[in-house]
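Keeping their order, the protein sequence lines are chains D and P.
Take the first sequence: its position 217, counted from the start at 1, is 217 in this note's numbering, and no numbers get skipped.
Quick note: to get this note's numbering, add 341 to the position in the second sequence (first position is 1).
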Amino acid sequence: MSSPHVLTPGSSVSNIMLTVLAALIPAIGAYYYFFGPAILISLVLASVTALAAEAAMLQLRNYPVKYFLTDGSAVLTAWLLALSIPPLAPWWLIVVGTAFAIVVAKHLYGGLGNNLFNPAMVGFAVLMISFPATMTHWPTPLMLSQHPVGFSETLQYTFSGALQGVKLDAVTMATPLDTLKTQLNLQHAMGEIKNMPIFGSFGGKGTEVIAAMYLLGGLFLLQRRIITWHTPVSFLVTLALVAALFNGIDPGRYAPPMFHLLTGGAMLGAFFIATDYVTAPTTPRGKMIFGASVGFLEYVIRVFGGYPDGIAFSILIMNAAVPLIDAYTQPRVYGHDTKPE
Amino acid sequence: MRTLHKFHGGVHPPEHKTESSRLPIAAAPLPQRLVVPLRQHIGNPAIPIVKVGDHVLKGQMIGAADGFISVAVHAPTSGTVSAIELHAVPHPSGLPDLCITIEADGEDRWTERQPLDYQTADPDAVRALLRDAGIVGLGGAVFPAYVKLNPDQQKIKTLILNGAECEPWITSDDLLMRERATEIVSGVKIMAHLMQPEEVLIGIEDNKPEAIAAMQAACQGTGFAVVTAPVLYPSGGEKQLIKLLTGKEVPSGQRPINIGVLCSNTGTAYTVHRAVYHGEAVISRIITITGNVTKPQNFEALIGTPLGELVQLAGGARPDTSHFILGGPMMGFDLLNHLDAPLTKAINCVIAASPALFPPKPAAMPCIRCTQCAQACPCDLQPQELFWFSQSKNFDKARAYNLFDCIECGCCDYVCPSHIPLVSYFRYTKSEIAAQDREKMAAEQARQRFEFKQMREEREKAEKAARMAEKAATAAAAKAAAAASGVEDPITAAKQAAIQAAVERAKAKKAEAAAALPPSPQPSPAGGEGVNNTEPS
């Protein structure tokens, strides 16, 4: 065997994936606390679907199924998708999205390490375009709900598509971002809108805490050196700056930066999605360009686009630019372009 | 305290230094038989100057330097030359090489040793002594020291003594500095005398407090500065240490001397001292025997000692030993042939490996572009890109992404969560590119030769035709003249014309020779490009 003869103890792809999954747990806990057990059911459904789809594709492609199945990458894709879509939804929604992510976005593009587009975001985009109505039925925070949905009821809804004695509208509502957009279109003023019960101190009730938990998990990933600071910092700073600019111009129409940072997929996107190794740039400068671009597009799509949140589309758009970004941001190599004395 | 200039990346593998650094250097006993390879340095192997059956003395030259980049090799003890033949040597290829075998007579009798007063001697005489004493860089590159220690009109600003010893497990430099600091510093003084640097820096990683103290004590009053650096592999890499201590970078494709820096290993300085003060050639060195042996230790052993005997001295390898690594775990190589391969100047460590100490690498996963490798690369390369290009045999791209700046330190492999043998890919791609370049150059030369031959043949044809025409014209003129005058002898006239023609021919030939004199033929219109684009590898 040729050198080197040693490896970093404990370093492996599965370890990285497991660490990222662990970093999501605080947010999942908050999700459960504020919105009930639906998220747990959809996480399980997504994981099972992802593993089944992954195993089938590995088998078809003549890969060692067990060796690759345990790398954790399929489960991570499943969790990111499950955390991005409404959890209280018929079973087929998450199954279709996850299967599409694994089969098409991941394996048809060459499998682990070769896919150009973020599989979870491809899954999200497919669902968003194919089932737009279902994708807007977000559960109401338990504290606001007249009828908190329990575990058995959630299961019942997930697999039968109906709730006994309750209308779906009674347990779901639009997201804070969606509400804001709709209300602004109705010419309501920002101050008035922000007093609606769905809004919390900074973002949405409950969702702002979940966002904070994503931030916590992201800091954990930074501390463990799983991700570098470049992408999340450039992403969040850009989003905040653009939001501050518009908020400064017209506070009545444009929400303040904190609102944008703590709603929707901003925190999840900045720390867990835009930092995806395979589909993001590899150079430090490239990561900053990528993060800033996604942050900017996120704002543009949220505020001026047709969708309530822009994380998936801004990521996918920028994924396509990654090879170009990498090619033009190569760092200076030792001994090249040295300063003359 | 001197400010250090951090180099990019680096890794910190488990050090495993204390295993072998607890005991002092032990003298290895004289073996019965010594096998001295003629190729123990970069460049041409030495030429044997003894015959089978000759009796040689300890320190006697048995192989002479062959050409510029070459040094001599010497008999490590007195005895009889029993063979000059191919023998197993410690080399990554595992191929045998030409060696001189000496049966020791047990007397260990020295040849006449001639010290040199380097301060009054001509620098060239000092360098000749270093060449004939077989002194090479003992840090691993084994480059002839006499070539390196030649300022050649370059101004040297900094002379660096490399005592970093950043590879895990190895402690031979550490122990040498602890026990023989005075001699090392004396060797550095000789180097400084030859190079006349403005400053002398001695770089040591801070996990060797005893060596640092000893070197600091030995440097009292010399003006040499001992600089300690935090442990970070590969701070002992020449380029990284230069950056660390001076903040300068060696430009790509150039040598440190181009930026006024010279870097030398502690062991080299020690041998320089022995050669100049005692007239002793390099016939021994310090080697660490460690890993899965019962009594890890450093030994001063004669060049040519079978490595197996040294492993025995360290208590022998434990039963679960799977193989042996020569050098450190980051850049060393597996000893492919038997342990009867001899100790050479380049070998500083033998690690007995076991599955427990060096677990086999798991099967490689696909690259997930995590950039751990890029963050660890001390050259600031992007190994994940180079891997991609190597895998797809996109050699032009690999070169454009500066593959040839890779120093093969192994940091990228070490951190790769997918366990991809990146350095092996890079070595393969480098050798493929080098082979392609050689082929390209050979084809280009063949084409130029062919075109030149064609040009010459055409010119000769034209000249021949011109000569014929000239001859015919002269003959006709002579005939006409003879006919016109009727007096002169037509034969004389023809002779004169022939002489004239011969003179012309000689002139033409001379001109032709002059045209062909420059070594490179005239480039043909289509030629030119591609002649100079070869890269030294």
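All residues carry an ideal CB built from backbone N, CA and C; glycine is no exception.
- A straight-line Cα-Cα distance of about 36 Å links Tyr31 of chain D and Asp326 of chain D.
- Note that the C-beta distance between Asp675 of chain P and Ile666 of chain P is below 8 Å.
- Under the DSSP assignment, Gly420 of chain P falls in the beta strand (DSSP E) whose first and last residues are Gly420 to His428.
- Along the region 212–236 of chain D, there is no position whose C-beta sits under 7 Å from a C-beta of chain P.
- In the displayed model, Trp229 of chain D falls within coil according to three-state DSSP, outside both helix and strand.
- Restricting attention to P:Thr685, P:Cys714, P:Ser765 and P:Thr523, the CA atom closest to the CA of His432 of chain P is found in P:Thr685.
- The region 109–122 of chain D makes contact with the region 73–87 of chain D; the number of CB pairs closer than 8 Å reaches 3 or more.
- In the DSSP assignment, the residues bridged to Ile692 of chain P are P:Thr631 and P:Ile666.
- Under the three-state reduction of DSSP, Phe348 of chain P is assigned to coil, being neither helix nor strand.
- Taking CB atoms only, Cys604 of chain P has no neighbour in chain D less than 8 Å away.
- Here DSSP, grouped into helix, strand and coil, assigns Asp446 of chain P to coil.
- If you draw a straight line from the Cα of Lys636 of chain P to the Cα of Gly394 of chain P, it is about 38 Å long.
- Taking CB atoms only, Pro323 of chain D has no neighbour in chain P less than 8 Å away.
- For Pro538 of chain P, no chain D residue has a C-beta closer than 8 Å to its own C-beta; the minimum C-beta separation is roughly 16 Å.
- Check the Cα spacing between His415 of chain P and each of P:Leu436, P:Ile390, P:Pro437 and P:Val430: the tightest is with P:Ile390.
- Interface annotation, Thr283 of chain D: in contact with chain P, CB-CB separation under 8 Å.
- Taking the C-beta atoms as reference points, Pro597 of chain P is found no nearer than 8 Å to Met536 of chain P.
- The straight-line gap separating the alpha-carbon atoms of Leu262 of chain D and Leu40 of chain D is approximately 22 Å.
- Between Thr631 of chain P and Ser361 of chain P, the CB-CB gap stays under 8 Å.
- Sequence-distant partners of Leu364 of chain P (beyond 5 residues in either direction) whose C-beta falls short of 6 Å from its own C-beta, in its chain, are Gln638.
- Taking a Cβ-Cβ cut-off of 8 Å, the neighbours of Phe674 of chain P in chain D comprise Ser2 and Ser3, given in sequence order.
- Per DSSP, Cys604 of chain P is one residue of the beta strand (DSSP E) stretching across Val602 to Asn606.
- Counting only unbroken stretches of 4 or more residues, the alpha helix (DSSP H) elements lying wholly within the region 746–820 of chain P are 752–756, in sequence order.
- Residue range Ser513 to Met536 is occupied by the alpha helix (DSSP H) that includes Arg519 of chain P.
- With respect to chain D, the C-beta atom of Gly435 of chain P has no partner C-beta closer than 8 Å.
- Under the DSSP assignment, Asn185 of chain D falls in the alpha helix (DSSP H) whose first and last residues are Pro176 to Asn185.
- If the five residues before and after Lys530 of chain P are omitted, its C-beta is found closer than 8 Å to the C-beta atoms of Thr563, all from its own chain and listed in chain order.
- Listed along chain P are Met706, Pro707 and Ile709, each with a C-beta nearer than 8 Å to that of Leu112 of chain D.
- In terms of CA proximity to Phe246 of chain D, D:Pro257 leads the group D:Gly29, D:Met121 and D:Pro257.
- When DSSP reads this structure, His396 of chain P sits in a beta bridge with P:Thr421.
- Listed along chain D is no residue with a C-beta nearer than 9 Å to that of Glu780 of chain P; the closest approach is about 25 Å.
- Counting only Cβ-Cβ distances below 8 Å, Asp661 of chain P has no contacts in chain D at all, with the closest Cβ about 16 Å away.
- In the three-state reduction of the DSSP assignment, Tyr67 of chain D falls in the helix class.
- Taking a 10 Å sphere around the C-beta of Val756 of chain P, we find 16 or more other C-beta atoms and assign the residue as buried.
- Counting C-beta pairs closer than 8 Å gives three or more between the region 417–427 of chain P and the region 395–404 of chain P, which meets the contact rule.
- Glu506 of chain P and Ala552 of chain P have their C-alpha atoms roughly 11 Å apart.
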